[in-house]
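Peer 1:
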Amino acid sequence: MGKKNKKEQKGPQTPVEQKKALKKKRRKRKLIMLVVEVILLLIVLAALYVVNTLNKIQKAPTLEPEELHINEDISEETQELLKGFEDVAIFGVDNRSNGNTDSGNSDVIMVASINNDTKEVRLISVYRDTFLDSDAGLDSSPNFHKANRAYAKGGAEQAVRMLNANLDLDIRHYMTVDFAAVTKVIDLLGGVEVEVDSAELKWINGYINTTGQVTGKPSSYLSAPGTYTLDGTQATAYCRIRYTAGNDYARAERQREVLTQIVKKAKSCDISTINKIINEVLPDVSTNYTNMQILTMASSMLSYELVGTAGYPFSKYGASLGGSKGDVVIPADAVSNVRALHRYLYDDNTYVPSATVTNYSSLVEQTYGPTFDKGDNPEAVTGSGVIEEDDFDGDRSSE
18 MGKKNKKEQK GPQTPVEQKK ALKKKRRKRK LIMLVVEVIL LLIVLAALYV VNTLNKIQKA
78 PTLEPEELHI NEDISEETQE LLKGFEDVAI FGVDNRSNGN TDSGNSDVIM VASINNDTKE
138 VRLISVYRDT FLDSDAGLDS SPNFHKANRA YAKGGAEQAV RMLNANLDLD IRHYMTVDFA
198 AVTKVIDLLG GVEVEVDSAE LKWINGYINT TGQVTGKPSS YLSAPGTYTL DGTQATAYCR
258 IRYTAGNDYA RAERQREVLT QIVKKAKSCD ISTINKIINE VLPDVSTNYT NMQILTMASS
318 MLSYELVGTA GYPFSKYGAS LGGSKGDVVI PADAVSNVRA LHRYLYDDNT YVPSATVTNY
378 SSLVEQTYGP TFDKGDNPEA VTGSGVIEED DFDGDRSSE
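Using my numbering, the first residue of the sequence shown is number 18, and each one after it goes up by one.
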């Protein structure tokens, strides 16, 4: 007989060898099952961690468009264009109570407009004293007042209604933060670099003291003008300054400056820092985003770029109205400013203001006289000039 080939020689020749081979196969199968079980366990633990983390956010019910008073008379063309953007309202409340975002005046009112096609984000501050219909959507006659009154009256939902009605926007989601949240984020990022001038130095230390008392995180005072890496308490104090040249306009610009620095830092930090921010900050955040929406956004937002920030209204004037209204900022005029806003956020040169916005503009003029010629930057809203975007490397345009 000839020699057996190698394949035949490898097979078990005795019952003992066959038994050993079977045991070996079983051990291998058990090992594979163990690895699979460990992987599944890790996936489940990761999912539980994510869900537990997201559940720390103060959730509000997601409202239908009609509940957020999106103007029904916006043109079909504008409605179609707005579908390509995710507009998010961002509110900062000054309620002297950590973790309480249900009430208080919204000293920060911003709209972040996200273009999902170009991955660009533009940020607009609506000055807190802007003269708007703060009761929009409440089945009452227009009630013009300071913009920050809407949040105090009906929380974030009413503040969103105000923005949608007065600016022809389609905001469906919002996020609200308080002093504690901003302070924690900045501390976890290792601070933000800001130049403090002599006028700001006069006020910042007082705000450092009061902010530290509210957040429970006291900080050191600044001794001289200069460029600093501000910690959370110092940076939050910087955002609160309003008594320098430019008043509230300059304060809103400082808020945008700090937010811009936060975005820059966050885009370059490691996953460990991101996890710390999520764990420590989310309990101080209120939103009507669902967990799934937050996960979807978080997975892609680091690839987006903040390409421009500015303040609204673009052309304005101050007026002292007395009584509960006090000192306000009047758009000059509402129609022109809202038209410019749509050009800035959406590159929409064909937008026609709705009858709602046009009526608002007329009501203000009937009470206070023509407003357009009183504005400080009429060219920006007519299109013959440019909207002044922030330049945080240079002098503040609002001062």
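Each residue gets a CB set at the ideal place from its N, CA and C atoms; glycine is no exception. Just so we're clear, the structure is a prediction, and the values are computed from it rather than from any experiment.
Below 6 Å CB to CB, which residues in the same chain sit around Ser215 once its five sequence neighbours on both sides are set aside?
Peer 2: Against the sequence shown, residue 215 aligns to sequence position 198. The residues are Pro242.
Peer 1: Quick one: what's got a C-beta closer than 8 Å to Glu297's C-beta in the same chain, skipping five residues either side?
Peer 2: Counting from one through the sequence shown, the residue named residue 297 turns up at place 280. So the qualifying residues of the chain are Lys201, Leu205.
Peer 1: Is it buried or exposed for Ile91, if we count other Cβ within 10 angstroms and need 16 for buried?
Peer 2: As a first step, residue 91 is located in the sequence shown; it is residue number 74 there, counting from the start. Counting Cβ neighbours within 10 Å, Ile91 comes out buried, since at least 16 surround it.
Peer 1: Classify Ala349 as helix, strand or coil using the three-state DSSP reduction.
Peer 2: As a first step, residue 349 must be located in the sequence shown, where it is residue number 332. Ala349 falls in the coil class under three-state DSSP.
Peer 1: If you follow the alpha helix (DSSP H) that Asp265 is part of, which residue opens it and which one closes it?
Peer 2: Against the sequence shown, residue 265 aligns to sequence position 248. It spans 264 to 285 - the alpha helix (DSSP H) in which Asp265 sits, taken as one unbroken run.
Peer 1: Please return the same chain residues whose Cβ sits closer than 6 Å to the Cβ of Val398, not counting the five positions on each side in sequence.
Peer 2: Counting from one through the sequence shown, the residue named residue 398 turns up at place 381. Counting only Cβ-Cβ distances below 6 Å, and skipping sequence neighbours, we find Phe331, Ser332, Ser353, Asn354, Ala357.
Peer 1: At what residues does the beta strand (DSSP E) containing Thr193 begin and finish?
Peer 2: On the sequence shown, residue 193 is found 176 positions in, with the first residue counted as 1. Element bounds for Thr193: 190 to 194.
Peer 1: What does DSSP give as the partner residues of Tyr329 in its beta bridges?
Peer 2: As a working note, residue 329 is residue 312 in the sequence shown. Its beta-bridge partners are Val143.
Peer 1: Am I right that Leu85 and Arg166 are in contact with their C-beta atoms under 8 Å? What's the rounded C-beta distance?
Peer 2: By 1-based counting over the sequence shown, the position of residue 85 is 68. By 1-based counting over the sequence shown, the position of residue 166 is 149. In fact, because the Cβ distance is near 18 Å, the residues do not count as touching under 8 Å.
Peer 1: When DSSP labels each residue in this structure, what does Ala336 get in the three-state scheme?
Peer 2: Numbered from 1 along the sequence shown, position 319 holds the residue referred to as residue 336. In the structure shown, Ala336 sits in a strand (DSSP, three-state: E or B).
Peer 1: Is the beta carbon of Tyr255 less than 8 Å from the beta carbon of Arg273?
Peer 2: Here residue 255 refers to the residue found at position 238 of the sequence shown. Here residue 273 refers to the residue found at position 256 of the sequence shown. Contact flag unset, no.
Peer 1: Please state whether the Cβ-Cβ distance between Arg268 and Tyr224 is less than 8 Å.
Peer 2: Along the sequence shown, read from residue 1 onward, the residue named residue 268 stands at position 251. Along the sequence shown, read from residue 1 onward, the residue named residue 224 stands at position 207. It is not a contact, given that the beta carbons lie outside the stated cut-off.
Peer 1: Using the DSSP secondary-structure output, state which residues sit across from Glu103 in a beta bridge.
Peer 2: Counting from 1 along the sequence shown, the entry for residue 103 is found at position 86. DSSP lists Ile131 as partners of Glu103.
Peer 1: Per DSSP, which residues does Val213 bridge with? Please list them.
Peer 2: As a working note, residue 213 is residue 196 in the sequence shown. The partner list for Val213 (beta bridge, DSSP) reads Gly243.
Peer 1: Using a Cβ-Cβ cutoff of less than 6 Å, which residues in the same chain neighbour Thr232 once the five nearest sequence positions on both sides are dropped?
Peer 2: Counted from its first residue, the sequence shown places residue 232 at position 215. For Thr232, where only same-chain residues beyond five positions count, the Cβ hits under 6 Å are Phe196, Ala197, Thr200.
Peer 1: Take every Cβ of the segment 317 to 327, pair it with every Cβ of the segment 337 to 344, and state whether three or more of those distances are shorter than 8 Å.
Peer 2: no
Peer 1: Report the three-state DSSP secondary structure of Met18 (helix, strand or coil).
Peer 2: Your numbering for residue 18 matches position 1 in the sequence shown. Bear in mind that a pLDDT of 47 at Met18, under 50, signals an unreliable position, so the number given afterwards is only what the model happens to contain. It is coil, neither helix nor strand.
Peer 1: Could you say which of Asp301, Val275, Leu180 lies nearest to Leu247 if we only look at CA atoms?
Peer 2: Here residue 247 corresponds to residue number 230 of the sequence shown, with the count starting at 1. Ranking the options by Cα distance to Leu247, first place goes to Val275.
Peer 1: Residues bridged to Ser123 by DSSP?
Peer 2: Position 106 of the sequence shown, counted from the first residue, corresponds to residue 123. According to the DSSP secondary-structure assignment, Ser123 is paired through a beta bridge with Val110.
Peer 1: Could you check what DSSP says for Ser303 in three-state terms: helix, strand or coil?
Peer 2: Position 286 of the sequence shown, counting from 1, holds the residue named residue 303. Strand at Ser303.
Peer 1: Buried or exposed, going by whether 16 or more other CB atoms sit within 10 Å of the CB of Ile288?
Peer 2: As a working mapping, residue 288 is identified with position 271 in the sequence shown. It counts as exposed.
Peer 1: Using CA coordinates, which residue listed in Ser303, Gly400, Lys219, Ser157 is at the minimum distance from Val105?
Peer 2: Numbered from 1 along the sequence shown, position 88 holds the residue referred to as residue 105. Checking every option, the nearest Cα to that of Val105 belongs to Ser303.
Peer 1: Give a yes or no on whether the C-beta atoms belonging to Ala349 and Phe409 are separated by under 8 Å.
Peer 2: If you number the sequence shown from 1, residue 349 lands on position 332. If you number the sequence shown from 1, residue 409 lands on position 392. Against a cut-off of 8 Å, the Cβ pair of Phe409 and Ala349 comes out as no contact.
Peer 1: On the DSSP bridge assignment, give the partners of Glu322 in chain order.
Peer 2: Mapped onto the sequence shown, residue 322 falls at position 305. According to DSSP, which records beta bridges pairwise, Glu322 is partnered with Glu137.
Peer 1: Taking 7 Å as the limit between beta carbons, can you name the residues of its chain near Pro162, skipping five residues before and five after?
Peer 2: By one-based count along the sequence shown, residue 162 stands at place 145. Looking at the sequence provided, one finds His at residue 162 rather than Pro. So the qualifying residues of the chain are Ser151, Lys342.
Peer 1: Gly109 and Val194 look like a contact to me (Cβ under 8 Å); what is the Cβ gap, rounded to whole Å?
Peer 2: Here residue 109 corresponds to residue number 92 of the sequence shown, with the count starting at 1. Here residue 194 corresponds to residue number 177 of the sequence shown, with the count starting at 1. The pair is a contact, with the Cβ atoms about 6 Å apart (cut-off 8 Å).
Peer 1: Report, in whole angstroms, the separation of the C-beta atoms of Ala173 and Ile126, which I expect to be a contact under 8 Å.
Peer 2: Walking along the sequence shown from the start, residue 173 turns up at place 156. Walking along the sequence shown from the start, residue 126 turns up at place 109. So it is not a contact: roughly 11 Å between Cβ atoms.
Peer 1: For the beta strand (DSSP E) that Leu149 lies in, which residues bound it at each end?
Peer 2: As a position in the sequence shown, residue 149 is number 132, starting the count at 1. For Leu149, the uninterrupted beta strand (DSSP E) segment begins and ends at 148 to 150.
Peer 1: Give me the Cα-Cα distance between Tyr144 and Tyr363, rounded to the nearest whole angstrom.
Peer 2: Numbered from 1 along the sequence shown, position 127 holds the residue referred to as residue 144. Numbered from 1 along the sequence shown, position 346 holds the residue referred to as residue 363. Tyr144 and Tyr363: Cα-Cα distance of roughly 20 Å.
Peer 1: Run the CB neighbour count on Gln175, radius 10 Å, all protein chains shown included, and call it buried at 16 or more, exposed below.
Peer 2: Your numbering for residue 175 matches position 158 in the sequence shown. Under this definition Gln175 is a buried residue.
Peer 1: For Asp134, count neighbouring C-beta atoms within 10 Å of its own C-beta (all shown protein chains included) and say buried if the count is 16 or more, exposed if not.
Peer 2: Locating residue 134 in the sequence shown gives position 117, counting from the first residue. The residue is exposed, with fewer than 16 neighbouring Cβ atoms inside 10 Å.
Peer 1: Grab me the residues of Gly19's own chain with a C-beta within less than 6 Å of its C-beta, minus the 5 sequence neighbours each way, in chain order.
Peer 2: Mapped onto the sequence shown, residue 19 falls at position 2. Residue placement at Gly19 is poorly supported in this model, since its pLDDT is 49, which falls under 50; the coordinates still yield a value, given next. If we look at Gly19 and ignore the five residues flanking it on each side, it has no Cβ neighbours.
Peer 1: Distance check for Val213 and Thr375, CA to CA, integer angstroms please.
Peer 2: Counted from its first residue, the sequence shown places residue 375 at position 358. Counted from its first residue, the sequence shown places residue 213 at position 196. Their Cα atoms are separated by approximately 41 Å.
Peer 1: Go ahead and label Arg44 buried or exposed: buried means 16 or more other beta carbons lie within 10 angstroms of its beta carbon, across all protein chains shown.
Peer 2: Position 27 of the sequence shown, counted from the first residue, corresponds to residue 44. Result: exposed.
Peer 1: Whose C-beta lies closer than 6 Å to the C-beta of Lys391 among residues of the same chain, with five residues either side of it excluded?
Peer 2: Numbered from its first residue, the sequence shown carries residue 391 at position 374. Cβ neighbours of Lys391 beyond the five flanking positions: Tyr334, Ala349.
Peer 1: From Tyr385, Lys282, Ala351, pick the residue whose C-alpha is nearest to that of Ser378; which is it?
Peer 2: Counting from 1 along the sequence shown, the entry for residue 378 is found at position 361. Ranking the options by Cα distance to Ser378, first place goes to Ala351.
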